[in-house]
Amino acid sequence: MAAESFIYQDNKISGLNLRDTLNNKTYTVHCKTTINATGVFVDKVMNKDTPHHESLVSPSQGIHIVIHKKFYMSQHAMLIPKTTDGRVLFAVPWHDQVIIGTTDSKTDLILEEPVATKEEINFVIENFNSYMTHHLTLHDIQSVYAGLRPLVKKKNITSTADLVRDHTIVVSDSGLVTITGGKWTTYRKMARDVVNRAIRTSSLHYERSQTKSLHLIIKTNEDTTNQSVIIHPDFPYTTSDVHFAIDEEMACTLEDILARRVRLLFLDAKAAMKVAPDVCKILQTRFNHSDEWYKSELETFYLTAKKYLPENIV
């Protein structure tokens, strides 16, 4: 769903006009409070409420590369304390592979699908290799991806590496609650702080959160019909995982499943592209899509997946 515009009552936000990006249908929803937690796009959303407001975000791009665990056999994470630009680098075992990152580059290019640069990839490889006996090459990378940090803008600071990763919350005159900044390791505190602010701002009824001790799902691929099969020989994901994503996690597209549910695109882009036709066929059958949809969905996913292959990055 895309938020197209706000609805107001007595100069306060009372709802939103939404558009379903899958079928282009529009909807109207009403609410007591609205939280703007849209990362590097918070300024864009705030402009819908308060045009020409002072920008909050100073975007920074960071990348990660994913390699086979044979290049880093330890079960423990490694910290490289000082890189050539004075920052740190991590190598972390992740989903039976190894993820290495990250970079910090100021950018004014805010894209929904940011792409790593060759300079960023070479930076990670060179700094990792300076601590390892087996040297990585571009061809050893299974997947590379980029993200944009919504760092809080500070006056007189031009380098994003010097910006602190604290989060900030602001509330507009109309009641829009915006949060930006923060990082992976503080996401629960961010969620708590912004929900608490929304409760106070809109005088909402509340109960104590249950998620701190909530048990997460460990296994989803149980299949009583014994028809579940592995979708790729090098990874543990099964057709039952695909059906679970559709039934329980609202997955509607190939990217939903292969990137946002089972993470295969982030672990090995070529493997994700290889299994895409079979997974797409499941989606087509489950949603009764046409052959034209199947072809278009596959082409769309391939265009996205190619951006995760280092050899395609210029």
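Sequential numbering from 18 applies to the sequence shown in our numbering.
Backbone N, C-alpha and C fix where the C-beta goes; we use that ideal spot for every residue, glycine too.
- N- and C-terminal bounds of the alpha helix (DSSP H) containing Leu271: Leu271 to Leu275
- Query: When you compare each of Thr38, Arg277 and His112 to Val83 by their alpha carbons, which one comes out closest?
  - Reply: His112
- Would you mind stating whether Asp66 and Ile30 have Cβ atoms separated by less than 8 Å? yes
- Do the segment 222-233 and the segment 195-202 meet, that is, are 3 or more Cβ pairs less than 8 Å apart? no
- Message: Please identify the residue among Asn28, Asp27, Lys42 and Lys287 whose C-alpha is closest to the C-alpha of Ala20.
- Response: Lys42
- Task: Please report the residue range of the alpha helix (DSSP H) in which Ala286 lies.
- Result: Start and end: Ala286 to Phe304.
- Message: Please tell me whether Thr218 and Val194 are closer than 8 Å, where the distance is taken between their beta carbons.
- Response: yes
- Residue range of the unbroken beta strand (DSSP E) whose run includes Val109: Leu106 to Trp111
- Query: Quick one: what does DSSP say Thr195 is sitting in, helix, strand or coil?
  - Reply: Of the three classes helix, strand and coil, the one that applies to Thr195 here is strand, per DSSP.
- So, helix, strand or coil for Tyr148, using DSSP? coil
- Item | Contacting residues, own chain, Cβ-Cβ under 6 Å from Ile17 (five flanking each side not counted) | Within the shown structure, residues of the chain are numbered from 18 to 331, placing residue 17 beyond reach of any answer.
- Message: At the level of alpha carbons, what is the spacing between Asp157 and His85?
- Response: 8 Å
- the segment 97-106 in contact with the segment 134-150 per 3-pair CB rule at 8 Å: yes
- Could you tell me which residues DSSP pairs with Met207 in its beta bridges? Per DSSP, none; premise fails for Met207.
- Message: Whole angstroms are fine: how far does the CA of Leu165 sit from the CA of Leu126?
- Response: 10 Å
- Query: My guess is that Ile299 and Val259 are in contact by the Cβ rule of under 8 Å, so how many angstroms apart are they, rounded?
  - Reply: 5 Å
- Task: For Val292, count neighbouring Cβ atoms within 10 angstroms of its own Cβ and tell me buried if that reaches 16, exposed if not.
- Result: buried
- Message: From the DSSP secondary-structure annotation, give me the bridge partner or partners of Phe23.
- Response: Leu33
- Rounded to the nearest angstrom, how far is the Cβ of Leu326 from that of Ala286, given a contact under 8 Å? 5 Å
- Message: For Asp121 and Val169, I'd like the C-alpha separation in whole angstroms.
- Response: 14 Å
- Message: Within 10 Å of its beta-carbon, does Asp179 have 16 or more other beta-carbons around it, so buried, or fewer, so exposed?
- Response: In this prediction, Asp179 has a pLDDT of 49, which is less than 50 and means its spatial position is unreliable; nothing more can be read from the coordinates.
- Item | Beta carbon of Val74 nearer than 8 Å to that of Val57 | yes
- Alpha carbon to alpha carbon, how far is Ala288 from Lys323? One alpha carbon belongs to Ala288, the other to Lys323, and they sit about 12 Å apart.
- Nearest CA to the CA of Pro131: which residue from Pro76, Pro294, Ile116 and Phe261? Pro76
- Query: Could you check where the alpha helix (DSSP H) with Ala322 kicks off and where it finishes?
  - Reply: In the DSSP assignment, Ala322 falls within the alpha helix (DSSP H) that extends over Asp308 to Ala322.
- Go ahead and pull the three-state DSSP assignment for Val62. helix
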